[in-house]
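A.B. asks:
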Amino acid sequence: MIRFVRGELVAVEEGSAVIDVAGVGYEVSISPPFEQVLRDRGAGSTVKIFTYHCERGGAAGSGTPMLVGFESELERRFFEELLTVHQLGPVGACKAMAMPVGTIAKAISLGDETALKQLPGVGKQRARDMISKLQDRMEPYLAAGEEIPEREAPDGLTAEALAILTQLGLSQSEAIERIGAVREDQPELTEADELVRAVFRRK
């Protein structure tokens, strides 16, 4: 297992960087935030990149070797957590780390599907899989980088409608999003049952 590489930054491309380590060029897949960090450091600088060695595509032992690179040990451990999500894989996990680790961890911890669906390659089902698999394991990562803000407490009307919609099977994040859209379009609604009906009428 290659745990880190230290050497001269040769080039940074979209989604990858090349590091010269004693005359050997290592191509390392990187997330968008780390890509920007390396671009800021510039070619010719000395860098240490924490790495995860794995394979992409094919059955075990027959795929293409790849190194995924991180700015810190904590980011690498978070990546390893993502790999436990059903069918995410190393390429998908690297692309999904398009926001700071603390931001993603907070969204998972809160069960915030809407925030997670902003990540590349993450749709509704994958967001739910991430929450189901990782929600109780995010505590070590919550302080890492920028976090999403806490939601304001809902007012009485929203709280009543939210309780009804979650009983009817909607997730809390989806119900909040749909209630907000309806109340923006129809501010005259003042009863929870009217608001719920409007949510289901809205396409």
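For what it's worth, this note's numbering labels the leading residue of the sequence shown as 2, then goes sequentially.
Cβ coordinates follow ideal geometry from the N, Cα and C atoms, glycine included.
Which value, in whole angstroms, describes the spacing of the CA atoms of Pro33 and Ala193?
C.D. replies: Indexing the sequence shown from 1 puts residue 33 at position 32. Indexing the sequence shown from 1 puts residue 193 at position 192. Cα-Cα distance, rounded: 42 Å.
A.B. asks: Assuming Ile177 contacts Val200 under a Cβ cut-off of 8 Å, what Cβ separation, rounded to an integer in Å, is found between them?
C.D. replies: For the purposes of this step, residue 177 is taken as residue 176 along the sequence shown, with counting starting at 1. For the purposes of this step, residue 200 is taken as residue 199 along the sequence shown, with counting starting at 1. Actually they are not in contact, since the Cβ atoms of Ile177 and Val200 sit about 11 Å apart, beyond 8 Å.
A.B. asks: Any chance the CB of Gly8 is under 6 Å from a heavy atom of the ligand NAD?
C.D. replies: For the ligand NAD, the structure offers nothing, since it holds no ligand at all.
A.B. asks: Between Thr85 and Met2, what straight-line distance do the alpha-carbon atoms span, to the nearest angstrom?
C.D. replies: If you number the sequence shown from 1, residue 85 lands on position 84. If you number the sequence shown from 1, residue 2 lands on position 1. Whole-angstrom Cα-Cα distance: 18 Å.
A.B. asks: Go ahead and pull the three-state DSSP assignment for Glu14.
C.D. replies: In the sequence shown, counting from the first residue as 1, residue 14 sits at position 13. Residue state, collapsed to three classes: strand.
A.B. asks: Relative to the C-alpha of Phe172, which candidate in Arg198, Leu158, Ser133, Tyr142 has its C-alpha closest?
C.D. replies: Translated into the one-based positions of the sequence shown, residue 172 becomes position 171. As written in the sequence, residue 172 is Ser, which differs from the Phe given in the question. Cα-wise, what sits closest to Ser172 is Ser133.
A.B. asks: Excluding the 5 residues preceding and the 5 following Ala154 in the sequence, name in chain order all residues of the same chain whose CB lies nearer than 7 Å to its CB.
C.D. replies: Here residue 154 refers to the residue found at position 153 when the sequence shown is read from its first residue. The predicted position of Ala154 is uncertain, since its pLDDT is 45 and thus under 50; a value taken from the coordinates is nonetheless stated next. Hits under 7 Å: none found.
A.B. asks: Taking only three categories from DSSP, how would you classify Val200?
C.D. replies: Translated into the one-based positions of the sequence shown, residue 200 becomes position 199. Here Val200 sits in helix by DSSP.
A.B. asks: Taking only the alpha-carbon atoms, compute the straight-line gap between Lys118 and Ala44 and give it to the nearest angstrom.
C.D. replies: Taking the first residue of the sequence shown as 1, we reach residue 118 at position 117. Taking the first residue of the sequence shown as 1, we reach residue 44 at position 43. Going by the C-alpha atoms only, they are around 33 Å apart.
A.B. asks: From the DSSP output, which residues share a beta bridge with Tyr53?
C.D. replies: Within the sequence shown, residue 53 is the residue found at index 52, counting from 1. Bridge partners of Tyr53: Val69.
A.B. asks: Is the Cβ-Cβ distance between Val6 and Val19 less than 7 Å?
C.D. replies: The residue you call residue 6 lines up with position 5 of the sequence shown. The residue you call residue 19 lines up with position 18 of the sequence shown. Not a contact, by the Cβ cut-off of 7 Å.
A.B. asks: Are Ile50 and Gly70 closer than 7 Å when you measure CB to CB?
C.D. replies: For the purposes of this step, residue 50 is identified with residue 49 of the sequence shown, where counting begins at 1. For the purposes of this step, residue 70 is identified with residue 69 of the sequence shown, where counting begins at 1. Cβ distance < 7 Å, so Ile50 and Gly70 count as in contact.
A.B. asks: Please classify Leu39 as buried or exposed, where buried requires at least 16 other C-beta atoms within 10 Å of its C-beta.
C.D. replies: Here residue 39 refers to the residue found at position 38 of the sequence shown. Buried: at least 16 other Cβ atoms inside 10 Å.
A.B. asks: Apply the 10 Å Cβ neighbour rule to Arg202 and answer buried if 16 or more other Cβ atoms are within range, or exposed otherwise.
C.D. replies: Numbered from 1 along the sequence shown, position 201 holds the residue referred to as residue 202. Exposed, since its Cβ has fewer than 16 Cβ neighbours within 10 Å.
A.B. asks: On a CA-only basis, which of Val29, Lys125, Glu36, Ser46 is nearest Tyr53? Give me that one, please.
C.D. replies: Walking along the sequence shown from the start, residue 53 turns up at place 52. For Tyr53, the nearest C-alpha among the options comes from Val29.
A.B. asks: Per DSSP, what kind of secondary structure is Arg7 in: helix, strand or coil?
C.D. replies: Here residue 7 corresponds to residue number 6 of the sequence shown, with the count starting at 1. In the structure shown, Arg7 sits in a strand (DSSP, three-state: E or B).
A.B. asks: Would you kindly work out how many angstroms separate the C-alpha atoms of Ala182 and Ala108, rounded to a whole number?
C.D. replies: Taking the sequence shown and counting its residues from 1, one reaches residue 182 at position 181. Taking the sequence shown and counting its residues from 1, one reaches residue 108 at position 107. Looking at the two C-alpha atoms, the distance is approximately 20 Å.
A.B. asks: What separation, rounded to the nearest whole angstrom, lies between the Cα atoms of Glu14 and Ala106?
C.D. replies: Taking the sequence shown and counting its residues from 1, the one referred to as residue 14 is at position 13. Taking the sequence shown and counting its residues from 1, the one referred to as residue 106 is at position 105. Near 27 Å, if we compare the C-alpha coordinates of Ala106 and Glu14.
A.B. asks: Which value, in whole angstroms, describes the spacing of the CA atoms of Gln88 and Tyr142?
C.D. replies: Position 87 of the sequence shown, counting from 1, holds the residue named residue 88. Position 141 of the sequence shown, counting from 1, holds the residue named residue 142. So the alpha carbons of these two residues sit roughly 22 Å apart.
A.B. asks: Pick out whichever of Val102, Thr65, Val92, Glu161 has its Cα sitting closest to the Cα of Phe79.
C.D. replies: As a working note, residue 79 is residue 78 in the sequence shown. Checking every option, the nearest Cα to that of Phe79 belongs to Val102.
A.B. asks: Tell me, which residues are paired with Ser30 by DSSP?
C.D. replies: Within the sequence shown, the letter at position 29 stands for residue 30. Partner(s): Ser17, Val69.
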